[in-house]
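Everything on this sheet refers to the single structure shown next.
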Amino acid sequence: MSSEHPELDDLQAAYKSAVDNWIAAIRHEEAVAVAADHSLAQLDQWEKAHFDEENARTIAKAAKANYEAGLRAEFFGF
């Protein structure tokens, strides 16, 4: 990170954190999906993991959009 653009550093860090959380949610969903227990409770856990992954993805996409907007504002003035 550069100290020349601290606001962009913050946006980039927020994006990286959001992507890291999304990756963790994907891995959790995968772990739940491949569990050997073929039960209704397991299905419910998998469904919840899926919704958590979708939420994490939405947050990561928003953080990406914020970072891109910051880059555009800084370097292109819009």
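Letter by letter, the sequence shown follows residues 1 to 78 of UniProt numbering.
Each residue gets a CB set at the ideal place from its N, CA and C atoms; glycine is no exception.
Cβ atoms of residue j and residue i: under 7 Å apart, would you say?
i	j	result
Gly70	Leu8	yes
Gln45	Val32	yes
Glu30	Glu53	no
Ala25	Ala63	no
Please report the distance separating the alpha-carbon of residue i from that of residue j.
i	j	result
Ala73	Arg57	24 Å
Ser17	Leu40	33 Å
residue 93	Gln12	Here the chain has residues from 1 to 78 only, and residue 93 is not among them.
Arg27	Lys61	18 Å
Asp10	Lys48	30 Å
His5	Asp20	22 Å
Ser3	His50	38 Å
residue 79	His38	Nothing can be reported for residue 79, as the shown portion of the chain is limited to 1 through 78.
Asn55	Ala36	25 Å
Gln42	Ala65	35 Å
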